[in-house]
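**Student:** Below you will find the structure I want to go over with you.
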Amino acid sequence: MTEVIQVWMKAPGAEPEQKFIQNSLEFMQWYVGGYIEAFTLTSDMVIICNEEGKLDGLRYNCTIAGENFVGNIIIVGTDGENFADCPADEKRMRYLFPNLWENEGN
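Sequence positions in the sequence shown follow our numbering and run 5 to 110.
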């Protein structure tokens, strides 16, 4: 497993940012503020979000693939069962997920 991966991170009301992060459960739990849930976006990308974010009343973030996400999210790539660098650059991200750049509900 790679120790550092390149991902897209987005907080509610903010634009997504491409960053390098520590590829660890502890870091991802810290960023989303609780236990993580992985939501499949494509065959090689998932969103990491707070598993209980809606129950905890976290602030609305965005809607992707008909799913409303709340709180901080991380978009990562996948390599088998491991998290990896997100394979999408900004152009591809804007094409696939334009709602990431819309701050609706804020």
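Using N, Cα and C, we set each Cβ at its ideal position, and we do this for glycine too.
Put N54 into one of helix, strand or coil per three-state DSSP.
**Tutor:** Looking at N54 - three-state DSSP - the assignment turns out to be strand.
**Student:** If you count every other CB in all the chains shown that lies within 10 Å of the CB of F31, and 16 or more means buried, which is it?
**Tutor:** Classification for F31: exposed.
**Student:** At what residue ranges does the segment 57-105 contain a whole run of the beta strand (DSSP E), taking only runs of 3 or more?
**Tutor:** If we require 3 residues or more, the beta strand (DSSP E) runs fully inside the segment 57-105 come out as 64-68, 71-74, 77-83 and 86-88.
**Student:** Rounded to a whole number of angstroms, what is the C-alpha to C-alpha distance between L62 and T6?
**Tutor:** Taking the straight line from one Cα to the other gives about 30 Å.
**Student:** Provide the residue span of the alpha helix (DSSP H) that contains T30, from first to last.
**Tutor:** According to the sequence shown, residue 30 is Glu rather than Thr. Element bounds for E30: L29 to V36.
**Student:** So which of N65, D48, I9 and K58 has the shortest CA-CA distance to E106?
**Tutor:** Taking only the C-alpha atoms, the option nearest E106 is N65.
**Student:** So is N76 buried or exposed if we call it buried at 16+ other beta carbons inside 10 Å?
**Tutor:** It counts as buried.
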